[in-house]
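2 protein chains.
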Amino acid sequence: MAHSEYKIGVVGTGRMGSNIARHLHDEGFSIVAVFDVIEAAARMLAEEIGAEAADRPARVTELADYIITVVTDDNAMRKIFSESDADSLLKSAEGKLFLNCATISPQIHVDVEKLAEKRGAQSLEGCMASSITQARDGTLYLMCGGKRDAFDKAKPILDSMSVALRYVGDAGRAAQVKALVNMVMNINTAALAEGLGLGAALGLDLSMLQEVFAQTGANSRVLETDGEDMENRDHECYFSAAHAAKDSGIALELAKAAGLNLPLAEATKRQFDKMIEIGKGELDKSGVAELTFPGRG
Amino acid sequence: MAHSEYKIGVVGTGRMGSNIARHLHDEGFSIVAVFDVIEAAARMLAEEIGAEAADRPARVTELADYIITVVTDDNAMRKIFSESDADSLLKSAEGKLFLNCATISPQIHVDVEKLAEKRGAQSLEGCMASSITQARDGTLYLMCGGKRDAFDKAKPILDSMSVALRYVGDAGRAAQVKALVNMVMNINTAALAEGLGLGAALGLDLSMLQEVFAQTGANSRVLETDGEDMENRDHECYFSAAHAAKDSGIALELAKAAGLNLPLAEATKRQFDKMIEIGKGELDKSGVAELTFPGRG
Chain A
1 MAHSEYKIGV VGTGRMGSNI ARHLHDEGFS IVAVFDVIEA AARMLAEEIG AEAADRPARV
61 TELADYIITV VTDDNAMRKI FSESDADSLL KSAEGKLFLN CATISPQIHV DVEKLAEKRG
121 AQSLEGCMAS SITQARDGTL YLMCGGKRDA FDKAKPILDS MSVALRYVGD AGRAAQVKAL
181 VNMVMNINTA ALAEGLGLGA ALGLDLSMLQ EVFAQTGANS RVLETDGEDM ENRDHECYFS
241 AAHAAKDSGI ALELAKAAGL NLPLAEATKR QFDKMIEIGK GELDKSGVAE LTFPGRG
Chain B
1 MAHSEYKIGV VGTGRMGSNI ARHLHDEGFS IVAVFDVIEA AARMLAEEIG AEAADRPARV
61 TELADYIITV VTDDNAMRKI FSESDADSLL KSAEGKLFLN CATISPQIHV DVEKLAEKRG
121 AQSLEGCMAS SITQARDGTL YLMCGGKRDA FDKAKPILDS MSVALRYVGD AGRAAQVKAL
181 VNMVMNINTA ALAEGLGLGA ALGLDLSMLQ EVFAQTGANS RVLETDGEDM ENRDHECYFS
241 AAHAAKDSGI ALELAKAAGL NLPLAEATKR QFDKMIEIGK GELDKSGVAE LTFPGRG
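Top line first, the protein sequences correspond to chains A and B. 1 is the number of the first residue of the first sequence in the numbering used here; add one for each residue after it. 1 is the number of the first residue of the second sequence in the numbering used here; add one for each residue after it.
Below, the structure written as structure tokens:
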């Protein structure tokens, strides 16, 4: 089947959703409809890629066979898949496939799969462990959970979106893995902010310090991605502090349900919550350094 | 000057000190004396490498021109450099060079340098950001602080001990960098233990999870060094939980003096302190997973 024969809709046209849409459009897929609660966001993207700016989620299902959802959180996800809302994505969903890419609680994926199947549709979770640039370039790290046949059916789209594609199991499993990835990443980020902040307080050369970190047990992926940004206060948003707080929260809910006590994840969530409280939630996660460097914040 | 002309003493023959001694011995340096508060430890090493097991620190200074110290903590360091103790390293120290490799508070290095210089000796801090295998193989990551001429004089020994040698500034600077390295490493270790522990609680395949961590923002050096050990409960000691607690404590003292609040470093110190409390302080730092995996500890 040629790319152009895939009729795709995108619901949630924020940083990730809009760039996934742009990429698939570039790759020759037919993006037929986009929707966002912020109408202007959907309209601008629709004009850019020649799609319809749908006035309600149900219109996306009507026009598209594959519906990619990238909404903000659990509540937004529940809303677009509401059984009681006649304008939800579930209307006339028979034969359609939902690819749900937002970072949300694992249980929501399980629930959405059930709701979709009840209407004769398929549902797949596609958890992205990457950021905006990768969405735009189709180089996402993409973990999928759900029924194997849904995965197989969506594979051409998934392949186009990703550079590393992994089927991890039933619905909800990918979200669990993603929650763990982000929980650990957030802790490592907050840790780096403490290390560099204290280095700054001691008057150490931060370039030297980062070089030493890179060559020793302090090395981490976030050192590569966020170290210089912390030093230079360059907090242009790739992954916001508010999102970090949300994702750590998802992991902590899983821990709570499992009866585990995770003090570092908790301390990290408090740091990112604090950023939201002081009005810095929309800074990049590297902005957590604003809390630990002397004379900032 | 040939290696054999360097008369070297080693004070503190624990895991690191003994292996530094073995390596330098293999490299043809003359290890003339070793000392440890645990007499048997010094005696066994002395026999192995043909050195004298000194009965007091002063005897090491008497026999050696270069004295490498690798003691447990600040107190042990103060004791071997005591001004009031006639058996301390300071006795007849004129012309000698002390190379202090223990992980201790930065201020101690400053104080020891002063004491040494008062006696006409030189002092250099050599902070190791590596572990036992690297000490044995002479492949340490070695950061030095002190006077440049002391560094130059000791360089043939330092070169033999290390694969990466870095002069970072005045006495105490290397210890500051080391404290920061270990503070961040310890946080990342405790973070990984939380991520894998929660993964285990959710019934996720931990090999898969570690693969995903390695390819995403959750990647870190400690994932490489400690991930499998956490999964397999293989906590043979390279860097003990008790040492982790000590080093995080040094960093937190620096933070306190600088007026910084570092909640993750604090939460991490509490975890490693807890390991000591429950009698697991001598496990490797990877043993912190015993606190976070379901059904352990």
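Glycine included, C-beta positions come from ideal geometry on N, C-alpha and C. Treat the numbers as computed from the prediction; the structure is a model and nothing was measured.
By DSSP's criteria, A:A164 is part of a beta bridge. Which residues make up the other side?
As a working note, residue 164 of chain A is residue 164 in the first sequence. BP columns for A:A164 point to A:Y141.
Within 8 Å (strictly less), CB to CB, does A:R119 reach chain B?
As a first step, residue 119 of chain A must be located in the first sequence, where it is residue number 119. No, A:R119 lies away from the interface with chain B (no Cβ there is under 8 Å from its Cβ).
Cβ-based burial, A:E211 [other Cβ within 10 Å; buried from 16]
Sequence index remark: in the first sequence, residue 211 of chain A carries index 211 (1-based). Exposed is the call here.
Can you tell me where the alpha helix (DSSP H) holding B:V184 begins and where it ends?
In the second sequence, residue 184 of chain B corresponds to position 184, counting from 1. Per DSSP, B:V184 belongs to the alpha helix (DSSP H) from R173 to A201.
A:L262: which of B:S248, B:R56, B:H235 and B:A201 sits nearest, CA to CA?
One-based indexing of the first sequence puts residue 262 of chain A at position 262. If we check each option's Cα against that of A:L262, B:A201 comes out closest.
I'd like to know whether the C-beta atoms of A:L158 and A:L142 end up nearer to each other than 8 Å.
Here residue 158 of chain A refers to the residue found at position 158 when the first sequence is read from its first residue. Here residue 142 of chain A refers to the residue found at position 142 when the first sequence is read from its first residue. Their beta carbons are under 8 Å apart, which means A:L158 touches A:L142 by this criterion.
Under 7 Å by beta carbon: chain B residues contacting A:N19
The residue you call residue 19 of chain A lines up with position 19 of the first sequence. Neighbours of A:N19 on chain B: none; closest Cβ ~18 Å, over 7 Å.
If we ignore side chains and look at the alpha-carbon of each, how far apart do B:T139 and B:A258 end up?
Translated into the one-based positions of the second sequence, residue 139 of chain B becomes position 139. Translated into the one-based positions of the second sequence, residue 258 of chain B becomes position 258. Answer to the nearest angstrom: the Cα atoms are 34 Å apart.
Could you pull out every residue in the same chain whose Cβ sits closer than 7 Å to the Cβ of B:F81, ignoring the five residues on either side in sequence?
One-based indexing of the second sequence puts residue 81 of chain B at position 81. Closer than 7 Å at Cβ, skipping near neighbours: S88, L89, L90, V112 and L115.
Other residues of its chain near B:D36: CB distance less than 7 Å, five sequence neighbours each side excluded:
Within the second sequence, the letter at position 36 stands for residue 36 of chain B. G12, T13 and A42, listed in sequence order.
Please confirm if A:L198 has its CB atom under 8 Å from at least one CB of chain B.
Here residue 198 of chain A refers to the residue found at position 198 of the first sequence. So yes, A:L198 belongs to the interface.
For A:M183, count the other beta carbons within 10 Å of its own beta carbon; 16 or more makes it buried, fewer makes it exposed. Which is it?
On the first sequence, residue 183 of chain A is found 183 positions in, with the first residue counted as 1. With 16 or more other Cβ atoms within 10 Å, it is buried.
Is the CB of A:T292 under 8 Å away from at least one CB in chain B?
Along the first sequence, read from residue 1 onward, the residue named residue 292 of chain A stands at position 292. Judged by the 8 Å Cβ criterion, A:T292 is in contact with chain B.
Judging by CA-CA distance, which residue of B:L99, B:A86 and B:T61 is the nearest neighbour of B:A93?
The count along the second sequence starts at 1 and reaches residue 93 of chain B at position 93. Among B:L99, B:A86 and B:T61, the Cα nearest to that of B:A93 is on B:T61.
Compare the beta carbon distance of A:K285 and A:F213 with 8 Å and say whether it is the shorter of the two.
To locate residue 285 of chain A, count along the first sequence from 1; it is residue 285. To locate residue 213 of chain A, count along the first sequence from 1; it is residue 213. No, Cβ-Cβ distance for A:K285 and A:F213 is not below 8 Å.
Mind checking A:A121: buried by the 16 CB within 10 Å criterion, or exposed?
Residue 121 of chain A sits at position 121 when you count from the first residue of the first sequence. Buried, since its Cβ has 16 or more Cβ neighbours within 10 Å.
Can you confirm whether the segment 242-252 of chain A touches the segment 268-277 of chain B when touching is taken to mean that 3 or more C-beta pairs between the two stretches lie within less than 8 Å?
no
Can you give the Cα-Cα distance for B:L180 and A:S207, rounded to whole angstroms?
By 1-based counting over the second sequence, the position of residue 180 of chain B is 180. By 1-based counting over the first sequence, the position of residue 207 of chain A is 207. Those two C-alpha atoms are separated by around 14 Å.
When B:E117, B:R119, B:V163 and B:I38 are compared against B:T133, the one with the closest alpha-carbon:
What you label residue 133 of chain B is simply residue 133 of the second sequence in a count that begins at 1. Closest option to B:T133, Cα to Cα, is B:V163.
Tell me which residue opens and which closes the alpha helix (DSSP H) that B:A116 is part of.
On the second sequence, residue 116 of chain B is found 116 positions in, with the first residue counted as 1. Segment P106 to K118, the alpha helix (DSSP H) holding B:A116.
Taking only three categories from DSSP, how would you classify A:D159?
Within the first sequence, numbered from 1, the residue matching residue 159 of chain A stands at position 159. Correct three-state label for A:D159: helix.
Let me know the secondary structure DSSP gives A:G14 once reduced to three states.
Counting from 1 along the first sequence, the entry for residue 14 of chain A is found at position 14. Three-state DSSP puts A:G14 in coil, outside helix and strand.
Counting along the chain, where does the alpha helix (DSSP H) carrying B:L99 start and finish?
Counted from its first residue, the second sequence places residue 99 of chain B at position 99. Per DSSP, B:L99 belongs to no alpha helix (DSSP H); it is in the beta strand (DSSP E), L97 to N100.
Pick helix, strand or coil for A:I38, following the three-state DSSP scheme.
Translated into positions along the first sequence, residue 38 of chain A becomes position 38. It is coil, neither helix nor strand.
Beta-carbon contacts of A:R296 that lie in its chain and below 6 Å, excluding the five residues immediately before and after:
If you number the first sequence from 1, residue 296 of chain A lands on position 296. For A:R296, where only same-chain residues beyond five positions count, the Cβ hits under 6 Å are E290.
Does any residue of chain A have a CB that is nearer than 8 Å to the CB of B:Y141?
For this step, residue 141 of chain B is matched to residue 141 along the second sequence. For B:Y141, the answer is yes, since a Cβ of chain A falls inside 8 Å of its Cβ.
Between B:V288 and B:A190, how many whole angstroms is the CB-CB distance? I'm expecting something under 8 Å.
Walking along the second sequence from the start, residue 288 of chain B turns up at place 288. Walking along the second sequence from the start, residue 190 of chain B turns up at place 190. The Cβ separation is near 5 Å, so the contact holds.
Closer than 8 Å, CB to CB, is A:F213 near chain B or not?
Within the first sequence, numbered from 1, the residue matching residue 213 of chain A stands at position 213. With 8 Å as the cut-off, A:F213 counts as an interface residue toward chain B.
Flag B:L124 as yes if its beta-carbon sits less than 8 Å from any beta-carbon of chain A, otherwise no.
On the second sequence, residue 124 of chain B is found 124 positions in, with the first residue counted as 1. Cβ-Cβ to chain A under 8 Å: no for B:L124.
Inter-stretch contact (C-beta, 8 Å, three-pair minimum) for the segment 7-27 of chain B and the segment 66-79 of chain B:
yes
Can you pull the chain B residues whose beta carbon is under 9 Å from the beta carbon of A:T133, in chain order?
As a position in the first sequence, residue 133 of chain A is number 133, starting the count at 1. Those do not exist, as A:T133 stays about 13 Å from chain B at its closest Cβ, beyond 9 Å.
With a cut-off of 8 Å, does the C-beta of B:E194 fall near any C-beta of chain A?
Locating residue 194 of chain B in the second sequence gives position 194, counting from the first residue. Closer than 8 Å to some Cβ of chain A, the Cβ of B:E194 qualifies, so yes.
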